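Residue numbers (our numbering), protein chains in the order written: chain Y, 1487 to 1756; chain B, 93 to 357.
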């Protein structure tokens, strides 16, 4: 792990008042972990274990009940220009062209117009989307839209990317290509990323480390370092022999072979 | 639908529309005579056309149409602006919506045209009571649509903007305001036709200008053709208002795929 810690969760606990009742629901209990500079860490766990809540805490959108998140050593008190997040939904604005959508974040942050355009052009070129700069989102395929969303996330030049199941809404082939795009981009730019996913293979092929969370109240129950070469080529990594061992271990930790659908949370994402 | 399919739909549809119009005009011209309906009940087309020329030359038809059109335009613009403004205000302040919603609902349920005599008592036989009825009647569809649109903005989209450190004003101008455009135009379409209703009711109740006045004038003289001329001109004013809204909508919502702009109704 690199010496510089980019993102840190220190003893984060989150409770919600239960709807209707008097009870208090503990969504996350005592979560602590660190993500070093340039590291890609995946977070897996059953539905409703508080993964998305952790991401919102990191983005400064939710304040934890106890503990805190830190970005570059600074306590996260609210939205932070060094963090950018990306969701399963592309959240592209239908009235903006592809280039304008990429510039959405930098426009909010009042970057000078010439610089905004330069960044959008560069990122669209990186993702082979230059010829679609003037198109509207409805004219693009799902995979292209998700690449535009990734370009928008990178346009603000964040230190830390928070990715919440970014590719779970696209078909399997497109997903592999998007994973490769993401892996190459993260490697090239040396970005730090926290990736939430349900896809065990995605977690193994994209990450340096995988953190396993328990069912609610969510806490970290295992940490697996992925000792594989070529983090920038998840497609090549798929065929590495050790991958199936890692996936088997993750399945065991998640208790997937014994789990029933009834034991899964009924309220889905937390 | 394929482009070829759409082209043939437009061609066949236009042909059928024109055929229907010719059929309707022919039935209007010769139908009443064949069925033995007296001309003071349903005057044939040629008689209405003659009355049109007469009203144009003698009864200042153009002036009355112009007055009505101006009242419709003013009432529609002010009512839409007010409706949009209140819609955004209530959309951004749940407290205000909670506090004001019973009163807004009461005003919505009240038959707004029933206010026309009251406004005439207050403001006399001027253009103002007519405009006021139109404002009141246009206000609701625009306000409700804008309010619903603001409420319906994806919270994840707002969170995305917040994560980029957007200010409240940026969230409004970059997300909420553009998001509200398609539903707002749906409200404006309804409003443009309702504005004509509001103005006509105002003119029917009192005054000596406008197509509504011409309607009662023709009625008082048992001049059925003049009533018909007034109805045709009113339809024309309403049609132009509606068409104007659609043309502006197509420009503003150019980014939507054509099928999402809605039908022509």
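In this text, a Cβ means the ideal position worked out from N, Cα and C, and glycines have one as well. Keep in mind the model is a prediction, meaning the values are calculated, not measured.
Rounded C-beta distance between residue 1683 of chain Y and residue 1530 of chain Y? I'm assuming under 8 angstroms.
Reading the first chain from its first residue, position 197 is the one you call residue 1683 of chain Y. Reading the first chain from its first residue, position 44 is the one you call residue 1530 of chain Y. With a Cβ gap of about 6 angstroms, residue 1683 of chain Y and residue 1530 of chain Y count as contacting.
When DSSP builds the beta bridges, which residues end up paired with residue 1522 of chain Y?
Working through the first chain from its first residue, we reach residue 1522 of chain Y at position 36. Paired residues: Y:1491.
What's the C-alpha gap between residue 250 of chain B and residue 1628 of chain Y?
As a working note, residue 250 of chain B is residue 158 in the second chain. As a working note, residue 1628 of chain Y is residue 142 in the first chain. Across the structure, residue 250 of chain B and residue 1628 of chain Y are spaced so that their CA atoms are roughly 21 angstroms apart.
Contact set between the region 1594–1627 of chain Y and chain B, restricted to residues whose Cβ is under 7 angstroms from the partner
Cβ contacts with chain B come from 1594, 1595, 1622 and 1624.
At a Cβ cut of 9 angstroms, what residues of the region 1538–1553 of chain Y count as close to chain A, listed as they run along the chain?
Looking for chain A here will not work: the only protein chains present are Y and B.
CB-CB length for residue 1619 of chain Y against residue 1584 of chain Y, believed under 8 angstroms:
Residue mapping note: residue 1619 of chain Y aligns to position 133 of the first chain, counting from 1. Residue mapping note: residue 1584 of chain Y aligns to position 98 of the first chain, counting from 1. Confirmed, Cβ separation roughly 5 angstroms.
Take residue 1742 of chain Y as the anchor and find which of Y:1505, Y:1492, Y:1498 and Y:1533 has the nearest alpha-carbon.
Here residue 1742 of chain Y refers to the residue found at position 256 when the first chain is read from its first residue. Of the candidates Y:1505, Y:1492, Y:1498 and Y:1533, Y:1533 places its Cα closest to the Cα of residue 1742 of chain Y.
Residues sharing a beta bridge with residue 1555 of chain Y, DSSP:
For the purposes of this step, residue 1555 of chain Y is taken as residue 69 along the first chain, with counting starting at 1. Answer is Y:1495, bridged to residue 1555 of chain Y.
Specify, as a first and last residue, the run of the beta strand (DSSP E) that residue 1649 of chain Y falls within.
Sequence index remark: in the first chain, residue 1649 of chain Y carries index 163 (1-based). Residues 1646–1650.
What residues in the region 326–344 of chain B have a beta carbon less than 7 angstroms from any beta carbon of chain Y?
Residues passing the 7 angstroms Cβ filter: none.
Output the residue ranges of the beta strand (DSSP E) runs that lie fully inside the region 1666–1713 of chain Y and measure 3 residues or longer, sorted by chain position.
1678–1682, 1695–1699 and 1706–1711
So is residue 346 of chain B buried or exposed if we call it buried at 16+ other beta carbons inside 10 Å?
The count along the second chain starts at 1 and reaches residue 346 of chain B at position 254. By the beta-carbon neighbour count (other beta carbons within 10 angstroms, threshold 16), residue 346 of chain B is exposed.
Which residues in chain Y sit within 8 angstroms of residue 95 of chain B, going by Cβ to Cβ distance?
For the purposes of this step, residue 95 of chain B is identified with residue 3 of the second chain, where counting begins at 1. Under the 8 angstroms cutoff, chain Y gives no residues; its nearest Cβ is about 16 angstroms from residue 95 of chain B.
Does any residue of chain Y bring its CB to less than 8 angstroms from the CB of residue 280 of chain B?
Indexing the second chain from 1 puts residue 280 of chain B at position 188. Not one chain Y Cβ lies under 8 angstroms of residue 280 of chain B.
Taking the alpha carbon of residue 267 of chain B as the point to measure from, which residue in B:144, B:241 and B:146 has its own alpha carbon closest?
Residue mapping note: residue 267 of chain B aligns to position 175 of the second chain, counting from 1. Among B:144, B:241 and B:146, the Cα nearest to that of residue 267 of chain B is on B:241.
Residue 1570 of chain Y lies in the beta strand (DSSP E); which residues open and close that run?
Counted from its first residue, the first chain places residue 1570 of chain Y at position 84. Looking at the DSSP string, the run of the beta strand (DSSP E) that includes residue 1570 of chain Y is 1569–1572.
Evaluate the contact criterion for the region 255–264 of chain B versus the region 296–310 of chain B: three or more CB pairs, one atom per stretch, below 8 angstroms.
no
Is the separation between the beta-carbon of residue 279 of chain B and that of residue 234 of chain B shorter than 8 angstroms?
The residue you call residue 279 of chain B lines up with position 187 of the second chain. The residue you call residue 234 of chain B lines up with position 142 of the second chain. Yes, they are a contact pair.
Inter-stretch contact (C-beta, 8 angstroms, three-pair minimum) for the region 1546–1559 of chain Y and the region 1572–1592 of chain Y:
no
On a CA-only basis, which of Y:1679, Y:1637, Y:1624 and Y:1669 is nearest residue 1648 of chain Y? Give me that one, please.
Position 162 of the first chain, counting from 1, holds the residue named residue 1648 of chain Y. Of the listed residues, the one whose Cα sits closest to residue 1648 of chain Y is Y:1679.
Quick check: the region 211–231 of chain B against the region 286–304 of chain B, are at least 3 beta-carbon pairs closer than 8 angstroms?
Yes, they touch.
Alpha carbon to alpha carbon, how far is residue 1549 of chain Y from residue 1586 of chain Y? Give it in angstroms, no decimals.
Taking the first chain and counting its residues from 1, the one referred to as residue 1586 of chain Y is at position 100. Taking the first chain and counting its residues from 1, the one referred to as residue 1549 of chain Y is at position 63. In a straight line, the C-alpha of residue 1586 of chain Y is about 31 angstroms away from that of residue 1549 of chain Y.
For residue 329 of chain B and residue 145 of chain B, believed in contact at Cβ under 8 angstroms, the rounded distance
Here residue 145 of chain B corresponds to residue number 53 of the second chain, with the count starting at 1. Here residue 329 of chain B corresponds to residue number 237 of the second chain, with the count starting at 1. Incorrect: roughly 19 angstroms between the Cβ atoms, too far for contact.
Which residues, taken in chain order from the region 1573–1584 of chain Y, show a beta carbon closer than 9 angstroms to some beta carbon of chain B?
1573, 1575, 1577, 1579, 1580, 1581, 1582 and 1583
Are the beta-carbon atoms belonging to residue 270 of chain B and residue 1581 of chain Y less than 8 angstroms from one another?
Within the second chain, the letter at position 178 stands for residue 270 of chain B. Within the first chain, the letter at position 95 stands for residue 1581 of chain Y. It is a contact, given that the beta carbons lie within the stated cut-off.
Per the DSSP calculation, residue 1511 of chain Y is bridged to which residue(s)?
For this step, residue 1511 of chain Y is matched to residue 25 along the first chain. Beta-bridge pairing links residue 1511 of chain Y to Y:1502.
Does the region 1488–1497 of chain Y come within contact of the region 1652–1667 of chain Y, defined as at least 3 CB pairs closer than 8 angstroms?
no
Taking 8 angstroms as the CB-CB limit, is residue 1642 of chain Y close to chain B?
Locating residue 1642 of chain Y in the first chain gives position 156, counting from the first residue. So yes, residue 1642 of chain Y belongs to the interface.
Tell me which residue opens and which closes the alpha helix (DSSP H) that residue 1575 of chain Y is part of.
The residue labelled residue 1575 of chain Y in the question sits at position 89 within the first chain. It is not in any alpha helix (DSSP H) - residue 1575 of chain Y carries neither H nor E in the DSSP assignment.
Candidates Y:1663, Y:1633, Y:1600 and Y:1525, of which the one nearest residue 1576 of chain Y by Cα:
Numbered from its first residue, the first chain carries residue 1576 of chain Y at position 90. Considering only Y:1663, Y:1633, Y:1600 and Y:1525, the residue with the shortest C-alpha distance to residue 1576 of chain Y is Y:1633.
Taking only beta-carbon positions, decide if residue 1754 of chain Y is within less than 8 angstroms of chain B.
On the first chain, residue 1754 of chain Y is found 268 positions in, with the first residue counted as 1. With a pLDDT of only 42 at residue 1754 of chain Y, under the threshold of 50, the placement of this residue in the model should not be trusted; the figure read from the coordinates follows. No - not a single Cβ of chain B is within 8 angstroms of the one on residue 1754 of chain Y.
Can you list the alpha helix (DSSP H) stretches of 4 or more residues lying completely in the region 136–206 of chain B, in chain order?
137–150, 153–184 and 186–201
If you reduce the DSSP assignment to three classes, tell me which class residue 268 of chain B lands in.
The sequence position of residue 268 of chain B within the second chain is 176, counting from 1. Note: residue 268 of chain B maps to helix in three-state DSSP.
At a cut of 8 angstroms, does the region 1718–1735 of chain Y reach the region 1667–1681 of chain Y through at least three beta carbon pairs?
yes
Could you pull out every residue in the same chain whose Cβ sits closer than 8 angstroms to the Cβ of residue 1687 of chain Y, ignoring the five residues on either side in sequence?
Position 201 of the first chain, counted from the first residue, corresponds to residue 1687 of chain Y. Here the set comprises 1724, 1729 and 1733.
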